[in-house]
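Presented below is the structure to which this report refers.
Protein chains: 2
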Amino acid sequence: MDPRIRRHAEIIVDHSVKVEKGDTVQVAAPAVAEDLVVALYEQLGERGAKPSLSMRSSRADRAFLRACDTDDFELHEHSMAEMEETDAVIIVKGSENAAETSDVPPEKVAARTSANAPIQRERMGKRWVGTQFPAPGEAQLAEMRTSSYEEFVYGAMNKDWDEQREFQRQMVEILDPADEMRIVSGDTTDLTMSISGMKTINDYGEKNLPGGEVFTAPVPDSVKGEVLFDKPVMRQGREIEGAWLRFEGGEVVEHNAEKNEDVLVGVLDTDEGARRLGELGIGMNRDIDRFSYNMLFDEKMGDTIHLAIGKAIRETVPEERPYNESAAHLDMIVDMSENSFIEVDGEIVQRDGTFRFEDNFDE
Amino acid sequence: MDPRIRRHAEIIVDHSVKVEKGDTVQVAAPAVAEDLVVALYEQLGERGAKPSLSMRSSRADRAFLRACDTDDFELHEHSMAEMEETDAVIIVKGSENAAETSDVPPEKVAARTSANAPIQRERMGKRWVGTQFPAPGEAQLAEMRTSSYEEFVYGAMNKDWDEQREFQRQMVEILDPADEMRIVSGDTTDLTMSISGMKTINDYGEKNLPGGEVFTAPVPDSVKGEVLFDKPVMRQGREIEGAWLRFEGGEVVEHNAEKNEDVLVGVLDTDEGARRLGELGIGMNRDIDRFSYNMLFDEKMGDTIHLAIGKAIRETVPEERPYNESAAHLDMIVDMSENSFIEVDGEIVQRDGTFRFEDNFDE
Chain H
13 MDPRIRRHAE IIVDHSVKVE KGDTVQVAAP AVAEDLVVAL YEQLGERGAK
63 PSLSMRSSRA DRAFLRACDT DDFELHEHSM AEMEETDAVI IVKGSENAAE
113 TSDVPPEKVA ARTSANAPIQ RERMGKRWVG TQFPAPGEAQ LAEMRTSSYE
163 EFVYGAMNKD WDEQREFQRQ MVEILDPADE MRIVSGDTTD LTMSISGMKT
213 INDYGEKNLP GGEVFTAPVP DSVKGEVLFD KPVMRQGREI EGAWLRFEGG
263 EVVEHNAEKN EDVLVGVLDT DEGARRLGEL GIGMNRDIDR FSYNMLFDEK
313 MGDTIHLAIG KAIRETVPEE RPYNESAAHL DMIVDMSENS FIEVDGEIVQ
363 RDGTFRFEDN FDE
Chain S
13 MDPRIRRHAE IIVDHSVKVE KGDTVQVAAP AVAEDLVVAL YEQLGERGAK
63 PSLSMRSSRA DRAFLRACDT DDFELHEHSM AEMEETDAVI IVKGSENAAE
113 TSDVPPEKVA ARTSANAPIQ RERMGKRWVG TQFPAPGEAQ LAEMRTSSYE
163 EFVYGAMNKD WDEQREFQRQ MVEILDPADE MRIVSGDTTD LTMSISGMKT
213 INDYGEKNLP GGEVFTAPVP DSVKGEVLFD KPVMRQGREI EGAWLRFEGG
263 EVVEHNAEKN EDVLVGVLDT DEGARRLGEL GIGMNRDIDR FSYNMLFDEK
313 MGDTIHLAIG KAIRETVPEE RPYNESAAHL DMIVDMSENS FIEVDGEIVQ
363 RDGTFRFEDN FDE
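Chain order of the listed sequences is H and S.
Residue 62 in my numbering sits at position 50 of the first sequence; the count goes up by one each step and never skips.
Residue 250 in my numbering sits at position 238 of the second sequence; the count goes up by one each step and never skips.
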């Protein structure tokens with residue numbers, strides 16, 4: 013077996029979900045990721061854990077959803093009971109063809125997702141990780157041949173996460189106590205917001221592997237200015253290019269996109285919260301040096317920031333602070349590698365992708 | 013998709029387990045059989061059934077069993093609860109390499125099988141079918157290239173099962189009321205037994221697909237004579253060739269084998285019941301015209317009979333009749349195509365593979 017797969021399994025088991033003897037561990041994976049499942053099962057066996065396998069088939073799923081003539085799905089009670097007694101969940105993404113379910117009516121997918129929402133809520137309370145197997149579908153999406161994509165994926169995941177955590181901690185220490193932020197990139201992005209009282213989270217490969225971002229929540233009403241998302245965004249298999257938003261009083265008051273603006277509008281129209289920002293993240297994983305049309309990687313790319321319209325991430329918003337509620341959450345990315353800076357409480361903390369703690373900007 | 017796979021799925025769903033609207037149907041399959049899973053999911057969706065997928069990975073299974081250092085497995089409670097509420101179970105066999113688990117300690121497999129025995133017992137009370145996907149592993153075992161093996165497998169399964177049932181019914185009508193049987197093949201097999209009061213079952217593709225046998229139980233103490241099993245038998249990945257048994261008073265009193273006799277002896281020594289016969293079956297599926305080292309097919313081959321040492325099949329033995337109890341059940345096959353006959357209550361009912369109801373034997 014490819015030693016990179018074994019290393020990936022070790023990082024998942026030891027670092028991400030910290031498996032202990034006697035733990036019940038659910039592994040959810042597509043068939044194409046069988047090699048990783050084998051490596052995980054070996055690790056879980058060695059650690060005295062009890063694994064259970066939920067191998068998915070997106071092709072079977074598609075066939076069923078298209079053939080059935082109902083939108084009325086029931087919660088799978090046994091899956092719920094099983095999740096309740098599970099200690100850790102390992103979710104592996106990967107597909108032979110990333111467009112396999114592209115002709116399934118979105119209402120049916122939504123109806124089933126909603127029926128199974130209690131299982132997902134239960135899972136959020138467990139140790140869990142979402143990770144990637146470098147399958148041909150995602151390689152194609154990234155416009156890379158599979159072996160190059162493998163290099164890219166393992167480069168981003170199989171790294172020294174303690175070192176990465178310490179690197180990112182410096183940014184957490186800047187953002188966590190901060191009040192005001194300003195993000196400027198070229199002539200197209202100049203956005204200010206308050207992050208006062210919000211919590212900044214250090215993501216170093218626990219719930220997401222790869223990790224590699226620090227993220228917090230803007231105070232919803234505080235966002236002001238305009239932003240051009242110069243990296244494309246995939247939504248429902250369609251690519252939104254050159255999305256541009258102008259905020260006033262926290263709300264999107266003007267918008268535009270070069271391609272598939274209707275998809276962007278669809279998200280903005282979800283509900284009131286979808287017109288406000290829920291997340292601000294700083295990508296700090298420099299082994300992710302290219303865009304791969306996969307948010308698990310893209311949002312952690314070095315020299316980028318991302319903003320999400322819609323729902324805030326619960327753990328970034330303390331009880332007494334305003335929480336942006338929404339059914340939507342769409343991450344969009346701004347390139348910060350050139351003519352860009354991030355200002356925190358009046359001080360520049362990143363310039364053209366370089367952080368203040370790396371360079372004193374003494375020039 | 014290969015139309016033969018779709019036809020296979022239809023036969024499984026409509027003929028074997030008779031799926032109805034609202035049924036909960038469990039599909040257990042290896043990843044290599046994903047095409048069949050897709051076809052089944054389409055059929056199940058169309059019929060308004062609720063499928064759940066249990067996709068197996070023998071490689072992951074092997075890795076876990078070898079890595080863990082326990083023989084102490086627990087019953088998987090949720091799987092048990094799930095089986096209790098399942099209406100029908102579809103078990104698909106198939107492997108990329110039939111020897112994938114050959115280095116797993118048999119004690120561990122046995123310990124886990126025994127921990128999960130309640131789930132298997134529960135399943136036996138459901139509508140269920142065991143069937144085959146023509147995967148490369150079983151093709152290699154049969155010494156056939158995969159496309160020829162596909163022809164063979166679909167030829168044996170995708171047939172008119174009503175016609176096959178009626179063909180076999182003629183043999184059931186002979187055996188069910190019968191008392192004495194004699195099986196003679198060449199100079200090497202001459203065995204007599206009573207089947208008095210036992211029930212003969214017509215297997216036409218319900219619990220086994222392919223089906224194609226009629227089977228009953230010998231009265232355990234009645235078996236007398238000798239038998240040479242001239243078709244090889246696989247056990248724990250090893251092939252027993254030329255097994256020969258001599259019975260007296262129902263018990264094996266002498267035995268021999270040309271190859272791997274120790275495996276045969278291992279089975280005979282399991283317990284007292286393993287030295288007596290538990291099953292007599294007549295293979296009647298003439299589309300199975302060759303041996304493929306897969307008992308699901310081999311025991312239904314035309315022009316053969318098979319005998320199992322060990323446990324009798326429950327439904328063939330009425331309450332008041334003697335039941336042969338054992339932990340073992342090893343089917344072994346006798347070629348009846350030449351110099352052979354089956355006699356029932358003094359009358360020849362099959363000669364050289366041809367049945368009395370096909371030819372009056374008036375010569």
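Glycine included, C-beta positions come from ideal geometry on N, C-alpha and C.
| Asked | Found |
| --- | --- |
| C-beta neighbour in chain S for residue 145/H, strict 8 Å | no |
| Own chain, CB closer than 8 Å to residue 94/H, minus 5 neighbours either side, in chain order | 38, 64 |
| At least 3 beta-carbon pairs within less than 8 Å: the region 286-296 of chain S vs the region 319-327 of chain S | yes |
| Interface residues of chain H facing residue 65/S [CB-CB closer than 9 Å] | 66, 67, 68, 69, 72, 73 |
| Start-end ranges of the beta strand (DSSP E) lying completely within the region 275-341 of chain H, minimum 3 residues | 289-295, 316-322 |
| For residue 41/S, three-class secondary structure by DSSP | strand |
| Proximity to residue 342/H [Cα-Cα], best of 161/H, 325/H, 265/H | 325/H |
| Option nearest residue 113/H by Cα separation, candidates 79/H, 85/H, 84/H, 142/H | 79/H |
| Meets three-Cβ-pair contact criterion under 8 Å: the region 185-201 of chain S and the region 218-238 of chain S | yes |
| Residue 124/H beta carbon less than 8 Å from that of residue 29/H | no |
| Three-pair Cβ contact test at 8 Å for the region 153-161 of chain S versus the region 334-352 of chain S | no |
| Which of helix, strand or coil DSSP assigns to residue 345/S | strand |
| CB contact check: residue 90/S to chain H, cutoff 8 Å | yes |
| Bridge-paired residues (DSSP) for residue 106/H | For residue 106/H, which the question treats as bridged, DSSP gives no partner whatsoever. |
| Whether residue 134/H touches residue 92/H by CB criterion (8 Å) | yes |
| The beta strand (DSSP E) enclosing residue 196/H, as first and last residue numbers | 192-197 |
| Secondary structure of residue 61/H, DSSP reduced to three states | coil |
| Assigned exposure category for residue 222/H - 16 Cβ within 10 Å defines buried | buried |
| Limits of the unbroken alpha helix (DSSP H) element including residue 169/S | 158-169 |
| Cutoff 7 Å; reference residue 285/H; Cβ partners in own chain excluding five residues on either side | 322, 323, 336, 337, 338 |
| Helix, strand or coil at residue 360/H [DSSP, three-state] | strand |
| Residues that residue 46/H contacts on chain S, provided the C-beta gap is smaller than 8 Å | 43, 69, 71, 72 |
| Bridge partner(s) assigned by DSSP for residue 397/S | A query on residue 397/S cannot be resolved here, the shown segment of chain S reaching from 13 to 375 and no further. |
| Neighbourhood of residue 171/H by C-beta, 7 Å cutoff - its chain only, sequence neighbours within 5 removed | 299 |
| Which of helix, strand or coil DSSP assigns to residue 248/S | coil |
| For residue 249/S, the nearest candidate out of 312/S, 23/S, 98/S, 118/S (CA to CA) | 118/S |
| Residue 259/H: first and last residue of the uninterrupted beta strand (DSSP E) it sits in | 255-260 |
| Residues of the region 119-132 of chain H with Cβ closer than 7 Å to any Cβ of chain S, in chain order | none |
| Own chain partners of residue 214/H with C-beta closer than 7 Å, once the 5 adjacent residues on each side are dropped | 177, 180, 181, 184, 226 |
| Residues that residue 79/H contacts on chain S, provided the C-beta gap is smaller than 7 Å | 54, 57, 58 |
| Where residue 93/S meets chain H, residues with beta-carbon distance less than 8 Å | 90, 93 |
| Which of helix, strand or coil DSSP assigns to residue 149/S | helix |
| When 352/S, 98/S, 173/S are compared against residue 27/S, the one with the closest alpha-carbon | 173/S |
| Three-state secondary structure assigned by DSSP to residue 179/S | helix |
| Length of the line joining the Cα atoms of residue 358/S and residue 87/S | 50 Å |
| Bridge partners - residue 226/S, DSSP secondary structure assignment | 214/S, 294/S |
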